[in-house]
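I have placed the structure first, in the form of structure tokens, so that the comments after it can refer back to it.
Numbering (the numbering used here), first residue to last: 138 to 270.
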């Protein structure tokens, strides 16, 4: 169930207030988010696959030490694959724009993703209105 315009404006106002009044909390909560490092993702997947092969070799040769080394390699591969980019993790959090209300349907090229979603919702609602007439 979508929010009404009044509820959406109230939610936007609360979000702006949170960004303005409690920037430390916002940076602490969103500080762990960064872009995926795709090079590390590929290397991590390859290391994890190699580790799985070593685990299988440990089972085949009945050597628990080889299996343990393979498990550690798999774990390290997952950690490498999930590592975030240092550049994106250290970037500051920008507050949402204080532009026009969500129902206006106007946006700029530099608008946030929420603005993009608002524009899509507006287009969808206009489509339903146009079809009903």
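All residues carry an ideal CB built from backbone N, CA and C; glycine is no exception.
All values derive from a computational prediction rather than experimental measurement.
{"Check": "Within 8 Å, strictly: CB atoms of residue 214 and residue 177", "Outcome": "no"}
{"Check": "Whole-Å CB distance - residue 181 paired with residue 210, under 8 Å assumed", "Outcome": "With a Cβ gap of about 11 Å, residue 181 and residue 210 do not count as contacting."}
{"Check": "Whole-angstrom distance between residue 153 and residue 263, CA atom to CA atom", "Outcome": "27 Å"}
{"Check": "Reduced DSSP secondary structure (H/G/I, E/B, other) of residue 263", "Outcome": "helix"}
{"Check": "Residue 199 versus residue 187 - alpha carbon distance", "Outcome": "18 Å"}
{"Check": "Exposure label - residue 207; buried when at least 16 CB within 10 Å", "Outcome": "buried"}
{"Check": "Rounded separation between residue 255 and residue 216 - CA only", "Outcome": "36 Å"}
{"Check": "Buried or exposed by the 16-neighbour rule on C-beta atoms within 10 Å, applied to residue 282", "Outcome": "One cannot answer for residue 282 here, as it falls past the ends of the chain, which runs 138 to 270."}
{"Check": "For residue 173: DSSP bridge partner residues", "Outcome": "221"}
{"Check": "Contact under 8 Å by Cβ, residue 155 with residue 148", "Outcome": "no"}
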